[in-house]
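So the structure is just underneath, and the comments pick up after that.
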Amino acid sequence: MVKGFGMHDASFYAGILIASFSLSESLTSLFWGGLSDRIGRKQVLLLGCFGTMLSLIMVGFSTNFTMALAGRIIGGALNGNIGVIQSIVGELVTKPEYEPKAYSIMPFVWSIGTIIGPAIGGLLADPAKSYPNQFSRDGFFGRYPWALPNLVCAAFMLISIICGFFWLDETHPGFRQGADATVHHDITEQTPMISAAGANADPGVDLRRDSFGTFNEVDMPKTQHWELNPDGTSRAPSLSENDREKWLTKKVVMLTVALGLYTYHSMCYDHLLPIFFQDRRIDHVTVLGASPIHIPGGLGLNTKDVGVILSVNGVIALFIQAVIFPLAAERLGIWRTFVMVTILHPVAFFIVPYLALLPENLVYPGIYTCLTIRNLLSILDYPVILILLKQASPSLSVLGRINGLAASAGAACRTVAPPIAGLLYGWGQEIGFTGLAWWAAGAVAIVGVFQLWFVPREKSQTTIVKSILPCLDNPNEEMPSDVVDITVVDDEDDDDFHM
Numbered sequence: 003m004v005k006g007f008g009m010h011d012a013s014f015y016a017g018i019l020i021a022s023f024s025l026s027e028s029l030t031s032l033f034w035g036g037l038s039d040r041i042g043r044k045q046v047l048l049l050g051c052f053g054t055m056l057s058l059i060m061v062g063f064s065t066n067f068t069m070a071l072a073g074r075i076i077g078g079a080l081n082g083n084i085g086v087i088q089s090i091v092g093e094l095v096t097k098p099e100y101e102p103k104a105y106s107i108m109p110f111v112w113s114i115g116t117i118i119g120p121a122i123g124g125l126l127a128d129p130a131k132s133y134p135n136q137f138s139r140d141g142f143f144g145r146y147p148w149a150l151p152n153l154v155c156a157a158f159m160l161i162s163i164i165c166g167f168f169w170l171d172e173t174h175p176g177f178r179q180g181a182d183a184t185v186h187h188d189i190t191e192q193t194p195m196i197s198a199a200g201a202n203a204d205p206g207v208d209l210r211r212d213s214f215g216t217f218n219e220v221d222m223p224k225t226q227h228w229e230l231n232p233d234g235t236s237r238a239p240s241l242s243e244n245d246r247e248k249w250l251t252k253k254v255v256m257l258t259v260a261l262g263l264y265t266y267h268s269m270c271y272d273h274l275l276p277i278f279f280q281d282r283r284i285d286h287v288t289v290l291g292a293s294p295i296h297i298p299g300g301l302g303l304n305t306k307d308v309g310v311i312l313s314v315n316g317v318i319a320l321f322i323q324a325v326i327f328p329l330a331a332e333r334l335g336i337w338r339t340f341v342m343v344t345i346l347h348p349v350a351f352f353i354v355p356y357l358a359l360l361p362e363n364l365v366y367p368g369i370y371t372c373l374t375i376r377n378l379l380s381i382l383d384y385p386v387i388l389i390l391l392k393q394a395s396p397s398l399s400v401l402g403r404i405n406g407l408a409a410s411a412g413a414a415c416r417t418v419a420p421p422i423a424g425l426l427y428g429w430g431q432e433i434g435f436t437g438l439a440w441w442a443a444g445a446v447a448i449v450g451v452f453q454l455w456f457v458p459r460e461k462s463q464t465t466i467v468k469s470i471l472p473c474l475d476n477p478n479e480e481m482p483s484d485v486v487d488i489t490v491v492d493d494e495d496d497d498d499f500h501m
């Protein structure tokens, strides 16, 4: 595409197009996350989808580099969906044991997209050249060679917007409709005091087992306060000033830093992999005769072979996301999984350069071994950080802001990682050690290991709670309190009715 604009250094300007989206996204994700806390997740998510659709159309009809760059910048600025989707998933999951499966869905779908997206682009880009019998060079798609794949993707986005508008339910506790609430029309002094099963009702928890999810403490106050709307539906408590001031806790900051470090070295790996695969192979260098810091080339693979390897890598990633991650999270727990993959992550970077020293008959087994190790560590790392961020949130009312901050940090690291990795790889070629860029990314992973010591960790204890109080009709409800203060809040006239 960039070559079609007549740019001489196509790789450089292509990198600018890629980085511009992430840079723009990093500057606005925190805003979109905070906005989703104030007006709800659904509206912000649909707006982000619309921004992505607009960006696709602008890029597809671009006739010069400036127009394409503007489309990418607008797309990044209007798209805060990563943080918002993370918040939606966090609010949909009501039981800790389901969190690993839920948080593995987003990277699973992302992996599918990385397979389908390039295929659409490769098959439909510049159709007048690829399919001259069906598309004329002087026709519409001849004048706009990049419009067809972008219009197809924009159509998918439009379908997503329509489906989301009609069938996506709001998940923010303060903006749910409270459809599950129980409304008692004939209330007498004999009516049992049963709270409505509204949006903010906490899920039932078995206190006889160790919890690896977001349930961390037991709080049984003597007095409860319920807020109801005039129609009897439950009402989410408003965000207090204390929540607004204390959402940026040390744990949130440290986990955001951990996510940024992970994103940086993960992007370096993805950027360096095809470059290293296609770099020239120096045949006279062998495992036995080489210096540990003298690896002058790559593997010398052609584009077709690289495409096959990356496709197989996608299949490996899907299997790990669907099968291995839920099992690991269930057996080890979220925190132990996070610690384990963080400590082992540097290994994935330090072993890759030595593939160039293997004999030809061992190159492919070595490649798939490295990719399997990397996928095991990378795919397990990302969702557990998201789960830990949810645990660190002092309230669901600020979850959007926290995930927006994390998305901004991740986007910023995605912006700087490819150019730095590419620059270091070029320097490595000049000094005869292409492993320089790999080891530099591994050094960042080592920083992540040391950063573990600064992530606060609350110790969980096995607790058994026995009560002689009578049980409520709904076993998922809280145990009854001595006093229940019910407030019916009417937003229109701000009149409160107390019982």
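Note that the sequence shown covers residues 3 to 501 in my numbering. Even for Gly, the Cβ is constructed at its ideal location relative to N, Cα and C.
Secondary structure, beta strand (DSSP E): runs of 3+ residues fully inside the region 70 to 157
none
Could you name each continuous alpha helix (DSSP H) segment of 4 residues or more that falls completely within the region 400 to 454, going from the start of the chain to the end?
401 to 433, 437 to 453
Among Val418, Ser410, Leu170, Ala442, which one has its Cα closest to the Cα of Phe33?
For the purposes of this step, residue 33 is identified with residue 31 of the sequence shown, where counting begins at 1. For Phe33, the nearest C-alpha among the options comes from Ser410.
Return the residue from the list Pro385, Gly424, Trp429, Gly430 that minimises the CA-CA distance to Ala408.
Translated into the one-based positions of the sequence shown, residue 408 becomes position 406. Minimum Cα distance to Ala408 is reached at Pro385.
If you run the structure through DSSP and keep just helix, strand and coil, what is Ile284?
As a position in the sequence shown, residue 284 is number 282, starting the count at 1. In this structure, Ile284 counts as coil in the three-state DSSP scheme.
Can you confirm whether the region 370 to 380 touches the region 244 to 263 when touching is taken to mean that 3 or more C-beta pairs between the two stretches lie within less than 8 Å?
no
Assuming Asp327 and Ile381 form a contact by the criterion Cβ under 8 Å, report the distance between their Cβ atoms to the nearest whole angstrom.
Numbered from its first residue, the sequence shown carries residue 327 at position 325. Numbered from its first residue, the sequence shown carries residue 381 at position 379. Per the sequence shown, the amino acid found at residue 327 is Phe instead of Asp. Yes, Phe327 and Ile381 are in contact; Cβ-Cβ is about 6 Å, under 8 Å.
Inter-residue Cα distance where the pair is Asp307 and Gly115:
Here the question's residue 307 lines up with position 305 in the sequence shown. Here the question's residue 115 lines up with position 113 in the sequence shown. Computed Cα separation, rounded: 21 Å.
Classify Ile297 as helix, strand or coil using the three-state DSSP reduction.
By 1-based counting over the sequence shown, the position of residue 297 is 295. Here Ile297 sits in strand by DSSP.
Arg74 versus Arg139: straight-line alpha-carbon distance, rounded
Here the question's residue 74 lines up with position 72 in the sequence shown. Here the question's residue 139 lines up with position 137 in the sequence shown. Cα to Cα, Arg74 sits roughly 26 Å from Arg139.
Give the secondary structure of Arg459 by DSSP, where H, G and I count as helix, E and B as strand, and everything else as coil.
By one-based count along the sequence shown, residue 459 stands at place 457. Coil at Arg459, not helix or strand.
Ignore the nearest five residues each way along the sequence and tell me which others in Ser38's own chain have a CB closer than 6 Å to its CB.
Here residue 38 refers to the residue found at position 36 of the sequence shown. Answer for Ser38: Val46, Val86, Gly402, listed in chain order.
Apart from the five residues just before and just after Pro194, which ones in its own chain have a Cβ nearer than 6 Å to its Cβ?
If you number the sequence shown from 1, residue 194 lands on position 192. At Pro194, the pLDDT of 49 sits below 50, so the modelled position is not reliable; the number obtained from the coordinates is stated separately. Contacts found: none.
Taking the straight line between their C-alpha atoms, what separation do you get for Gly300 and Val349?
Working through the sequence shown from its first residue, we reach residue 300 at position 298. Working through the sequence shown from its first residue, we reach residue 349 at position 347. One C-alpha to the other measures close to 19 Å.
To the nearest angstrom, report how far apart Glu362 and Leu438 are at their CA atoms.
Residue mapping note: residue 362 aligns to position 360 of the sequence shown, counting from 1. Residue mapping note: residue 438 aligns to position 436 of the sequence shown, counting from 1. Rounded to whole angstroms, Glu362 to Leu438 spans 23 Å at the Cα level.
Could you give the distance in angstroms between the alpha-carbon of Cys165 and the alpha-carbon of Pro120?
Against the sequence shown, residue 165 aligns to sequence position 163. Against the sequence shown, residue 120 aligns to sequence position 118. Rounded to whole angstroms, Cys165 to Pro120 spans 24 Å at the Cα level.
At 4 residues or longer, what runs of the alpha helix (DSSP H) sit wholly inside the region 356 to 381?
none
Looking at the structure shown, is Met159 part of a helix, part of a strand, or coil, going by DSSP?
Taking the sequence shown and counting its residues from 1, the one referred to as residue 159 is at position 157. Helix.
Beta-carbon spacing of Trp148, Gly8 below 7 Å:
As a working note, residue 148 is residue 146 in the sequence shown. As a working note, residue 8 is residue 6 in the sequence shown. The answer is no: Cβ separation not under 7 Å.
Test item: CB-CB of Thr436 and Gly430 under 7 Å:
Within the sequence shown, numbered from 1, the residue matching residue 436 stands at position 434. Within the sequence shown, numbered from 1, the residue matching residue 430 stands at position 428. Contact: yes.
Sub-7 Å separation of Phe110 and Gln323 beta-carbons
Start at 1 with the first residue of the sequence shown, and residue 110 comes out as number 108. Start at 1 with the first residue of the sequence shown, and residue 323 comes out as number 321. It is a contact, given that the beta carbons lie within the stated cut-off.
Give me, in chain order, the residues of the same chain whose beta-carbon lies closer than 7 Å to that of Ser28; leave out the 5 immediate sequence neighbours on both sides.
Residue mapping note: residue 28 aligns to position 26 of the sequence shown, counting from 1. Around Ser28: Ser410, Ala413, Ala414, Thr417.
Report yes or no: do three or more beta-carbon pairs, one from the region 120 to 129 and one from the region 333 to 352, lie closer than 8 Å?
no
Extent of the continuous alpha helix (DSSP H) run through Met3
Stepping through the sequence shown from its first residue, residue 3 is reached at position 1. Unbroken run through Met3: none, as it is neither H nor E.
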